[in-house]
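Engineer:
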Amino acid sequence: MSIGSFPNFTDGDVEILLSRHDKFVLHSHVLAKHSKWFESSLAERWKNRIPIDSSVPSTGSNAPVGRQTSDTSRLIRSYELRFDKGSDVGMLAATDDDKNARFVIGGPHWLSNLPTEHDNKILLCFNAHEEMLKAMYHVPFKVHTASGHLTQGFLEEVEPKTRALREVGIAYSCEEIVDSHIQQAFTTLYREAILADCTHEPAAMLEVAKRYKTDWIFKEAGAHLIGSSTAVWLNAEGHLHRLRYADLFFAKRADFMAQLDRTVLNLFIMRIDDNVDGRTTFLKLAVAYFRHWLAARIFEDDSTLLANYGEVFHKIAEGRYYDEEFEGNVNRYVRDMFDDGPKLSPDSRERVELEEQVSVVFDQAKHIVEEIVRIKTSAEVPDDVESGLPQALTFVEIEDADIPW
């Protein structure tokens with residue numbers, strides 16, 4: 014049995030028609046091994062190898078077209094995916110079961126260029142059934158897109174399909190193989206997309222982690238949520254209560270804020286001794302400028318963490334505070350805040366001296382922020398693409414003992 018023959022095996026003994034144009038010829042022992050639903054449905058025929066009557070057509074006018082089973086004597090059962098009228102939830106039914114005449118879709122290509130929400134849900138169900146059968150044969154999970162790669166992220170393009178697949182797995186009592194199929198896709202094919210969404214949508218990804226009981230997603234999303242801006246955190250509080258994770262995350266957030274506040278305080282009160290004559294004024298200006306620069310980029314109203322606050326600490330740690338706007342910012346600060354400060358002209362000795370002192374202050378600050386800029390997550394996908402630096406700090410992590418399942 015070659016897996017490369019999927020979905021039509023010459024030695025297959027079960028025919029599954031997901032649409033009038035999508036036929037699978039698979040093995041009863043594989044289906045029964047992974048699914049209690051198939052095991053029960055196939056039990057008598059599988060045991061006695063009773064062939065189906067190939068002369069019996071499928072349900073009514075919706076009988077599949079273009080059947081090309083080469084050896085119908087080998088088949089012991091045939092199924093088709095049926096939908097009740099008006100329903101977008103389909104289930105496989107034996108083709109010799111006419112208790113409920115339900116329609117069979119024409120296939121994915123049957124959808125119009127502008128499919129309705131109902132059409133999309135039917136297609137989601139169709140794809141989930143196909144993925145379930147792939148899982149039983151260890152055919153890798155893959156979301157097919159027009160561009161060949163994800164353009165809208167994991168939450169938009171992949172998660173709805175894995176959720177539908179899991180629901181189908183539950184319906185056919187094959188959760189174990191389906192869950193393994195999904196987890197493999199998470200850790201290989203979609204890992205980078207998942208890590209990116211953990212940085213951008215941590216609260217939503219916590220729900221994903223809970224749904225699939227995936228430890229590493231819980232840790233990633235959790236660390237990013239704990240270190241998120243005030244706006245993101247406040248929006249997530251209700252979500253945490255609903256997921257019953259409030260106690261864990263509120264305690265972690267308190268630890269995070271306490272350490273962050275201590276670090277910020279140390280930055281504001283740091284002192285630099287310089288006994289060189291003539292530099293005292295410039296050093297004081299440099300320290301004052303640093304405090305002004307820091308406060309304006311971290312907090313709003315002295316308590317609200319801004320959206321890109323984490324980038325500030327990483328800039329300090331990596332010495333990336335100096336850019337094309339730096340000189341102008343220093344001069345503007347001196348002019349606006351210190352009427353009696355030195356007048357700095359372009360290329361003047363005074364301006365060079367002040368910039369040197371600012372550099373000294375930032376270099377000392379680098380050592381103060383070392384602990385909080387340590388990234389304890391796997392994500393290397395920056396929130397701020399332009400600067401290449403993450404917006405949130407993740408120095409407080411989720412431990413193995415914190416996993417709730």
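Sequential numbering of the sequence shown, starting at 14, is according to our numbering.
No residue lacks a Cβ here, since even glycine has one placed at the ideal position from N, Cα and C.
Here the structure is a predicted model, which is why all the values come from computation and not from measurement.
#1: If I'm right that residue 262 touches residue 238 with Cβ under 8 angstroms, what's the distance once you round it to whole angstroms?
#2: In terms of residues, what are the limits of the beta strand (DSSP E) holding residue 22?
#3: Could you tell me how far apart the beta carbons of residue 378 and residue 329 are, in whole angstroms, since I believe they sit closer than 8 angstroms?
#4: By the three-class DSSP mapping on this structure, what secondary structure does residue 405 have?
#5: Report back the beta-carbon spacing between residue 390 and residue 236 to the nearest angstrom; my notes put them in contact at under 8 angstroms.
#6: Could you check whether residue 179 and residue 171 sit closer than 8 angstroms to each other, using their CB atoms as the reference points?
#7: Give the single residue among 140, 187, 194 whose Cα lies nearest to the Cα of residue 173.
#8: Mapping DSSP to helix, strand and coil, what is residue 98?
#9: Quick one: residues in its chain with C-beta nearer than 7 angstroms to the C-beta of residue 244, no 5 flanking neighbours on either side, listed in chain order?
#10: How far does the beta strand (DSSP E) with residue 32 in it reach, from first residue to last?
#11: In terms of alpha-carbon separation, which member of 197, 41, 34 lies closest to residue 22?
#12: With 16 other CB atoms within 10 Å as the buried threshold, where does residue 418 fall?
#13: In the DSSP output, what is residue 90 paired with across the bridge?
#14: Can you round the beta-carbon distance between residue 240 and residue 269 to whole angstroms, since I take them to be within the 8 angstroms contact cut?
#15: Considering only residues of the segment 237-301, which uninterrupted beta strand (DSSP E) runs meet the minimum length of 3 residues and lie entirely inside it, listed in chain order?
#16: Roughly how many angstroms lie between the CA atoms of residue 167 and residue 184, to the nearest whole one?
#17: Find the nearest neighbour of residue 297 within the set 371, 332, 345, judged by alpha-carbon distance.
#18: Note down the Cα distance separating residue 362 from residue 281, rounded to an integer number of angstroms.
#19: I need the DSSP call for residue 35, collapsed to helix, strand or coil.
#20: Using the C-alpha atoms, what's the distance from residue 383 back to residue 283?
#21: Have a look at the DSSP bridge pairing and note the partners of residue 323.
#22: Tell me whether residue 235 sits in a helix, a strand or coil according to DSSP, three-state version.
#23: With DSSP as the reference, label residue 175 as helix, strand or coil.
#24: Report the rounded CA-to-CA distance for residue 279 versus residue 227, giving the unit in angstroms.
#25: Helix, strand or coil for residue 182 per DSSP?
#26: From the DSSP output, which residues share a beta bridge with residue 220?
#27: My output table needs one value for residue 202: the three-state DSSP class, helix, strand or coil.
#28: Which residues mark the beginning and the end of the alpha helix (DSSP H) in which residue 105 is found?
#29: Please look up how many angstroms separate the CB atoms of residue 273 and residue 385, rounded, as I've assumed it's under 8 angstroms.
#30: Where does residue 303 land, buried or exposed, given buried means 16+ other C-beta within 10 angstroms?
#31: Based on the DSSP secondary-structure assignment, which residues constitute the bridge partners of residue 317?
#32: Could you have a look at residue 48 and say whether DSSP puts it in helix, strand or coil?
#33: Under 8 angstroms Cβ to Cβ from residue 225, same chain only, skipping five residues before and after it: list those, please.
#34: Could you check the C-alpha separation between residue 275 and residue 48 for me, to the nearest Å?
#35: Measuring CB to CB, does residue 253 end up less than 8 angstroms from residue 233?
#36: Can you give me the start and stop residues for the alpha helix (DSSP H) that residue 376 sits inside?
Structural biologist: This is what the structure holds:
#1: Counted from its first residue, the sequence shown places residue 262 at position 249. Counted from its first residue, the sequence shown places residue 238 at position 225. Indeed, because the Cβ distance is near 7 angstroms, the residues count as touching under 8 angstroms.
#2: In the sequence shown, the residue the question calls residue 22 occupies position 9. Here residue 22 belongs to no beta strand (DSSP E), and DSSP marks it neither H nor E.
#3: On the sequence shown, residue 378 is found 365 positions in, with the first residue counted as 1. On the sequence shown, residue 329 is found 316 positions in, with the first residue counted as 1. The Cβ separation is near 5 angstroms, so the contact holds.
#4: In the sequence shown, the residue the question calls residue 405 occupies position 392. Residue state, collapsed to three classes: coil.
#5: Here residue 390 refers to the residue found at position 377 when the sequence shown is read from its first residue. Here residue 236 refers to the residue found at position 223 when the sequence shown is read from its first residue. Confirmed, about 5 angstroms.
#6: In the sequence shown, the residue the question calls residue 171 occupies position 158. In the sequence shown, the residue the question calls residue 179 occupies position 166. Going by C-beta atoms, residue 171 is not nearer than 8 angstroms to residue 179.
#7: Position 160 of the sequence shown, counted from the start, is the residue given in the question as residue 173. It is 140 whose Cα lies nearest to the Cα of residue 173.
#8: Position 85 of the sequence shown, counting from 1, holds the residue named residue 98. Residue 98: coil per DSSP, three-state reduction.
#9: Translated into positions along the sequence shown, residue 244 becomes position 231. Same-chain partners within the cutoff: 320.
#10: Sequence index remark: in the sequence shown, residue 32 carries index 19 (1-based). Residue 32 -> beta strand (DSSP E) spans 27-32.
#11: Translated into positions along the sequence shown, residue 22 becomes position 9. When each option's Cα is compared against that of residue 22, the closest is 41.
#12: In the sequence shown, the residue the question calls residue 418 occupies position 405. So residue 418 counts as exposed.
#13: Residue mapping note: residue 90 aligns to position 77 of the sequence shown, counting from 1. In the DSSP output, where bridge partners are listed per residue, residue 90 has 27.
#14: On the sequence shown, residue 240 is found 227 positions in, with the first residue counted as 1. On the sequence shown, residue 269 is found 256 positions in, with the first residue counted as 1. Residue 240 to residue 269, Cβ: 6 angstroms. Contact.
#15: none
#16: For the purposes of this step, residue 167 is taken as the residue at position 154 of the sequence shown. For the purposes of this step, residue 184 is taken as the residue at position 171 of the sequence shown. Roughly 24 angstroms between the two C-alpha positions.
#17: Taking the first residue of the sequence shown as 1, we reach residue 297 at position 284. Ranking 371, 332, 345 by Cα distance to residue 297 puts 371 first.
#18: Translated into the one-based positions of the sequence shown, residue 362 becomes position 349. Translated into the one-based positions of the sequence shown, residue 281 becomes position 268. In a straight line, the C-alpha of residue 362 is about 27 angstroms away from that of residue 281.
#19: As a working note, residue 35 is residue 22 in the sequence shown. In this structure, residue 35 counts as strand in the three-state DSSP scheme.
#20: Counted from its first residue, the sequence shown places residue 283 at position 270. Counted from its first residue, the sequence shown places residue 383 at position 370. Residue 283 and residue 383: Cα-Cα distance of roughly 15 angstroms.
#21: Looking up residue 323 in the sequence shown gives position 310. Paired residue(s): none; residue 323 is not in a bridge.
#22: Stepping through the sequence shown from its first residue, residue 235 is reached at position 222. The answer is helix: DSSP assigns residue 235 an H, G or I state.
#23: The sequence position of residue 175 within the sequence shown is 162, counting from 1. Correct three-state label for residue 175: helix.
#24: Translated into positions along the sequence shown, residue 279 becomes position 266. Translated into positions along the sequence shown, residue 227 becomes position 214. Cα to Cα, residue 279 sits roughly 38 angstroms from residue 227.
#25: Counted from its first residue, the sequence shown places residue 182 at position 169. Helix at residue 182.
#26: Position 207 of the sequence shown, counted from the first residue, corresponds to residue 220. In the DSSP output, where bridge partners are listed per residue, residue 220 has none listed.
#27: Position 189 of the sequence shown, counting from 1, holds the residue named residue 202. It is coil, neither helix nor strand.
#28: The sequence position of residue 105 within the sequence shown is 92, counting from 1. From DSSP, residue 105 is part of no alpha helix (DSSP H) but of the beta strand (DSSP E) over 103-107.
#29: Sequence index remark: in the sequence shown, residue 273 carries index 260 (1-based). Sequence index remark: in the sequence shown, residue 385 carries index 372 (1-based). The Cβ separation is near 6 angstroms, so the contact holds.
#30: In the sequence shown, the residue the question calls residue 303 occupies position 290. Classification for residue 303: buried.
#31: Counted from its first residue, the sequence shown places residue 317 at position 304. Note: residue 317 sits in a beta bridge opposite 313.
#32: Numbered from its first residue, the sequence shown carries residue 48 at position 35. Note: residue 48 maps to coil in three-state DSSP.
#33: Translated into positions along the sequence shown, residue 225 becomes position 212. So the list reads 175, 179, 192, 195, 196, 199, once near-sequence residues are dropped.
#34: Reading the sequence shown from its first residue, position 262 is the one you call residue 275. Reading the sequence shown from its first residue, position 35 is the one you call residue 48. For residue 275 and residue 48, the distance between alpha carbons rounds to 56 angstroms.
#35: If you number the sequence shown from 1, residue 253 lands on position 240. If you number the sequence shown from 1, residue 233 lands on position 220. Contact flag unset, no.
#36: What you label residue 376 is simply residue 363 of the sequence shown in a count that begins at 1. From DSSP, the alpha helix (DSSP H) with residue 376 extends over 362-381.
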